[in-house]
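In short: position in the sequence shown from 1, add 94, done, that's our numbering. For glycine and all other residues, C-beta sits at the position ideal for the given N, C-alpha and C.
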Amino acid sequence: MPLFRHAEFVTSIAKPAGLPAAKGPEIAFVGRSNAGKSSAINALVGHTRLAYVSKTPGRTQLLNLFRTPAGLYLVDLPGFGYAKVPEAIRRGWAELIERYLREREALVGLIHIMDVRHPLTALDRQLLDWFLPSGKPVHILLSKADKLSRGARAATVVQVRRALAAWEGQVTVQAFSALSKLGVEEAEAVVQGWLAGVLPETA
Numbered sequence: 095m096p097l098f099r100h101a102e103f104v105t106s107i108a109k110p111a112g113l114p115a116a117k118g119p120e121i122a123f124v125g126r127s128n129a130g131k132s133s134a135i136n137a138l139v140g141h142t143r144l145a146y147v148s149k150t151p152g153r154t155q156l157l158n159l160f161r162t163p164a165g166l167y168l169v170d171l172p173g174f175g176y177a178k179v180p181e182a183i184r185r186g187w188a189e190l191i192e193r194y195l196r197e198r199e200a201l202v203g204l205i206h207i208m209d210v211r212h213p214l215t216a217l218d219r220q221l222l223d224w225f226l227p228s229g230k231p232v233h234i235l236l237s238k239a240d241k242l243s244r245g246a247r248a249a250t251v252v253q254v255r256r257a258l259a260a261w262e263g264q265v266t267v268q269a270f271s272a273l274s275k276l277g278v279e280e281a282e283a284v285v286q287g288w289l290a291g292v293l294p295e296t297a
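#1: Using three-state DSSP, classify residue 225 as helix, strand or coil.
#2: Select from 100, 167, 191 the residue whose C-alpha is nearest the C-alpha of residue 292.
#3: Can you give, in chain order, each stretch of the alpha helix (DSSP H) that sits fully within the stretch 208-270 and has at least 4 residues?
#4: Using the DSSP secondary-structure output, state which residues sit across from residue 202 in a beta bridge.
#5: Taking Cβ positions, are residue 268 and residue 285 nearer each other than 9 Å?
#6: Considering only residues of the same chain and omitting the five flanking positions on each side of residue 266, which have a CB-CB separation below 8 Å?
#7: At the level of alpha carbons, what is the spacing between residue 49 and residue 236?
#8: Give every residue of the same chain whose Cβ lies closer than 7 Å to the Cβ of residue 137, excluding the five residues on either side of it in the sequence, and list them in chain order.
#9: Cβ of residue 135 within 9 Å of Cβ of residue 201?
#10: Among the residues of its own chain, which have a CB less than 6 Å from the CB of residue 245, if the five just before and after it don't count?
#11: Can you find the residues in the same chain that come closer than 7 Å, C-beta to C-beta, to residue 213, ignoring five residues on each side of it along the sequence?
#12: For residue 195 versus residue 108, is the C-beta distance shorter than 9 Å?
Printed below as a string of structure tokens:
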């Protein structure tokens, strides 16, 4: 069975204090508002509406947990950056993201979604510079890859890898399209590697 398939919703959290005790390894999904994060999660799990998709930035307003049959937890974090919400709410999202990424011992690795047409924005770099010293792996999905030609998206993957060469071995990069399902198997293989020996199916 594919690693992410048949994931089911567990709970939503608005504040760090609401996080439940961890019951298995967790993979977190993060990205700028409107980068295609929810669509990427839906493509990976094979479900059209598990994670809410909207063309309006900032619609993922809570930390959402999903569980796969294998016992892996997927954590959909609020999008960061531009969102049509009050500043106080944006600050609350930032605190929720930061507390989770800094303190959650069950967190195995981070999947960072970026729009392939606008990768490594200042906010993306800020998050990576803050998180990578943790030593945990980061896999970058360059989403909406169907918007570019094969050559252009391959060039962008190379560009991003070179920009993050200092973190080689900890950061991996690939093109991804929720629409065409490009890169779904590659993303699963990367996470399988993170979980080797952690879940029975990945041992």
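Reading off the structure:
#1: It is helical.
#2: Ranked by Cα distance from residue 292, the first of 100, 167, 191 is 167.
#3: 216-225, 244-257, all fully within the stretch 208-270.
#4: DSSP lists no partner for residue 202.
#5: In this structure, residue 268 sits away from residue 285, with a CB-CB distance that is not shorter than 9 Å.
#6: So the list reads 231, 232, 233, 234, 284, once near-sequence residues are dropped.
#7: Residue 49 lies beyond the range of the chain shown here (95 to 297); nothing can be said about it.
#8: So the list reads 272, 275, 278, once near-sequence residues are dropped.
#9: With a cutoff of 9 Å on beta-carbon distance, residue 135 and residue 201 are scored as not near each other.
#10: Excluding sequence positions up to five before and after residue 245, its CB lies less than 6 Å from no other CB in the same chain.
#11: Same-chain partners within the cutoff: 236, 250, 254.
#12: Residue 108 is positioned such that its CB atom lies no closer than 9 Å to that of residue 195.
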